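Below you'll find the structure, written out as structure tokens, and then a few comments.
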Amino acid sequence: MEKEILASVALACCCAGASAQTVPADSTQTAPAASDSIYRQMELGGVTVEGRTAIQKGDYTAYMPTQRQVDAANSGIGLLANMMIPKLTVDRVSGTVKNANNTAPTIYIDNRKADAMEADRLRPKDIVRVEYYDQPSDEFPGEQSVLNFITRKYGRGGYVDVRTSTTFHPGLNVGGYSAQVGFDMNKMNITLLAGTDFDREDAVGTSGTEHYAFDAPFTKQTTATYGLTKQRNYYGKMRMTYRTDKTTAYADIGLGWGETPTDRHSTLVVYSPQAYPDAMATTTTQSRNATPQATLFMETRPGKGQTLRVQANYAYGNNTYRRDYTEGGLTPVITDTKEIRNNFDAHVKYTADLRHNNSVTLFIWGFNTWSKADYIGTIDAGQEIQDGGLQLLPMYTHTFAKKLRIGIQPGLYWERYYIKGIGATRKIQGRPTISTSYSINSKNSLYANWSMGTSVPTMDLYNNTEQRVNQYTIKRGNPNLEIEKLHFFDIGYSLALKNVNLSLFGDYFIAADLTKDFYTTEGETMVSTYMSDGALHSCIAGGAVAWSLLNRSLQLSGQLMYKGQRLTGVYSAHNDCMLFSLSTNYYIKNFTLTAMYSSKMSELSGSQWNETPAQYYFTASWHHKGLYAEIGCQRIFDKDYKKRQWFDFGTYSYDRATVYNNMCSAWLKISYSFDFGRKKVERTELEVDRGSSGIMKM
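In structure tokens:
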């Protein structure tokens, strides 16, 4: 069975003894069926994008970067920002990627599950295209949206990639350094990565007001006076890859080491009425995470029209956390914790293409996490938790007349977690999905889908541990939390022209049995814990457009949408707002100028209001061969940057704002990359798992 391959580029090829040839834009070619959704690459001497840069194919859209966009970036996320894909918000400063509904798409690289940090490690010159799945797909079962980076293939030789980044602001010192080297030997590839990043910030921290509704109520006013945070991360990884015409396999091992040797903040505390003496309060924390990890991956074609994909991951965590809280002459509150953690997960995906434009897919995913933590200090405690789950997702997909695509998935999710001293809890939940897409033509498409999902509470929420925060507050886990039941309803329309990409969308989301913060009093002690209650309803509707002008020297993009949220059950609330963002890129020879603005946003997150100020930044970059330099700044016209959080729980309420220095800053990035002895092998970029922890933190 052959797959149609759409190309919306003009390809100029020069080779020995041959003249340049041009393939017209929007041509249709055929190539042997591949084990993935990768178009058969024609590795030519030169590639110039003259036609449409976006091609709609089934249930996804493929976006091809232009040469200007590639030259004006030094990372995968930087290139993604330059490509201006509608419905995506890419922050090249923080390295985050979000959909229009403020969720993060799952990142894949050549059909292998990765993350945004790993995608950022990609060199722009090695990215052939980005496939955006804005709806559930049989290619990536269990995912609501996916960005799949397709990389260039080579044969022998290697590359060196070195990057530095430094951020400037009074009281802020942030930097990162990394080096990556790859060697290709026929069917084998070895890639090595090492790097470090550091952060020193003296933002004062959080100020605000808290009200405690005890029998003798009081209000606590805190004013931040001093802050100092130091963080360091070190990481390294080695990957070995073996590739044949039918099979790709790799194994990697890595180590991540992160530490916060100092995190100290002081506040002036005033009580009204004076339940406690007014005083200076100081919170000091230190933490360390050591995470060795390993990954195995294989993708093969066992038969015609069949694909088998297997991936397994293991990570070991050795984590520590210490917190000291002092307030005037009151008794200090101390928490000193050590945790050992083991994480294992694996998945298998099998797909078979049938005869009549249909296919079947079976996806099985399982995981097991074990965590043991000992708490020493004001309250001594022990915590031992085992959490395991299994997800089974069979899917049938049928395509009618090469235009209408319908997918049906009757999925199932089962979980069991064990808490020492309490016992085991088992829960089962359906994961059905119905998705449809209709290709009006290669430029216009419609889609609609409904799916159910689950969100499992994390160990730091459902444990049976309690720790003291201060003299009158304790934090306690809740082992009886429910799994959140998620419902997704999405509709949309996409238009891809030569210089204009348009997306109109509407999403409705429900999270039932929502995990909420919950506060209750026990005598003169406020208990901060969690509960499963009510639901969060979220609706968005809007549009996004990307427009290229002046022979694609100027790019403009914008997004406008309405967002409405309703929180039901205990602590009900609602939120309505209009959001918009604008960005522009201008390319002139070896220089690129960019600017971005996104509006102020208020959002209900669980049982908490969050208000984020408007964000804007400017960058100027220069490139020459493998050398890249960038200067930039963000929010330079603002005195400071504060994020506000507030909510009223009846027995307890708060309204606080936190100052961040790193959101009002300037930066300099320099990178250099070169290839040697190249022919053609797969290049994948690495990023180390920074680790996770089940420790309850205050």
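Under our numbering, think of the first position of the sequence shown as 6, with each following residue one higher. Note that the Cβ used here is the ideal one computed from N, Cα and C, for glycine as well. All values derive from a computational prediction rather than experimental measurement.
Check, Outcome
"Can you tell me which of 180, 287, 167, 614 puts its alpha carbon nearest to the alpha carbon of residue 236?", "180"
"DSSP state of residue 115, grouped into three classes?", "coil"
"Near residue 517, what residues of its chain come up, given a Cβ to Cβ distance below 6 Å and the 5 sequence neighbours on each side ignored?", "490, 540"
"So, helix, strand or coil for residue 130, using DSSP?", "helix"
"Please work out which residues of its chain come closer than 7 Å, Cβ to Cβ, to residue 583, disregarding the five sequence neighbours upstream and downstream, and give them in chain order.", "567"
"Under three-state DSSP, which class holds residue 73?", "helix"
"For the region 131 to 149 against the region 63 to 70, do three or more pairs of beta-carbon atoms, one drawn from each stretch, fall closer than 8 Å, so that the two count as touching?", "yes"
"Would you mind sorting residue 344 into buried or exposed? The rule is 16 or more other CB atoms within 10 Å of its CB.", "buried"
"So the candidates are 285, 457, 558, 514; which of them puts its Cα closest to the Cα of residue 77?", "558"
"Taking only runs that begin and end inside the region 348 to 395, name each unbroken beta strand (DSSP E) of 3 or more residues, in chain order.", "363 to 382"
"Residue range of the beta strand (DSSP E) that residue 417 falls in?", "409 to 424"
"My output table needs one value for residue 144: the three-state DSSP class, helix, strand or coil.", "coil"
"Residues in the same chain with beta-carbon distance under 6 Å from residue 418, minus the five sequence neighbours each way, listed in chain order, please.", "396, 434, 436, 459"
"For the beta strand (DSSP E) containing residue 565, name the first residue and the last one.", "559 to 572"
"CB residue 68 to CB residue 137, shorter than 8 Å?", "yes"
"Out of 604, 569, 337, 88, point me to the one whose CA is closest to residue 474's CA.", "337"
"Taking the straight line between their C-alpha atoms, what separation do you get for residue 579 and residue 651?", "14 Å"
"Can you tell me whether DSSP reads residue 122 as helix, strand or coil?", "helix"
"Please name the residue, chosen from 476, 305, 599, 610, that lies closest to residue 96 on a Cα-to-Cα basis.", "599"
"Taking the continuous beta strand (DSSP E) assigned at residue 502, which residues delimit it?", "Segment: none, residue 502 is in no beta strand (DSSP E) and carries neither H nor E."
"Please classify residue 619 as buried or exposed, where buried requires at least 16 other C-beta atoms within 10 Å of its C-beta.", "exposed"
"Is residue 290 closer than 8 Å to residue 331 when the C-beta atoms are compared?", "no"
"Is the beta carbon of residue 251 less than 8 Å from the beta carbon of residue 305?", "yes"
"Note down, in chain order, each residue of its chain lying with its Cβ closer than 6 Å to the Cβ of residue 319, except the 5 sequence neighbours on either side.", "299, 349"
"Rounded C-beta distance between residue 228 and residue 287? I'm assuming under 8 Å.", "No, residue 228 and residue 287 are not in contact; Cβ-Cβ is about 13 Å, not under 8 Å."
"Could you pull the DSSP bridge partners for residue 343 from this structure?", "325, 379"
"Within the same chain, show all residues whose beta-carbon is closer than 6 Å to that of residue 534, passing over the 5 residues directly before and after it, in chain order.", "481, 483, 523"
"Using CA atoms only, rank isn't needed, just tell me which of 375, 399, 447, 380 is closest to residue 407.", "447"
"If you run the structure through DSSP and keep just helix, strand and coil, what is residue 90?", "coil"
"At 3 residues or longer, and completely inside the region 146 to 197: list those beta strand (DSSP E) runs for me, N to C.", "151 to 156, 162 to 174, 177 to 190"
"Would you call the region 190 to 210 in contact with the region 629 to 638, where contact means no fewer than 3 C-beta pairs closer than 8 Å?", "no"
"For a quick check, are the C-beta atoms of residue 187 and residue 132 less than 8 Å apart?", "no"
"Where in the region 447 to 502 do unbroken runs of the alpha helix (DSSP H), each at least 4 residues long, occur, reported from the N-terminal end onward?", "464 to 467"
"Cβ of residue 155 within 8 Å of Cβ of residue 128?", "no"
"Which residue from 262, 219, 220 puts its Cα closest to that of residue 240?", "262"
"Quick check: what's the CA-CA separation for residue 526 versus residue 501?", "57 Å"
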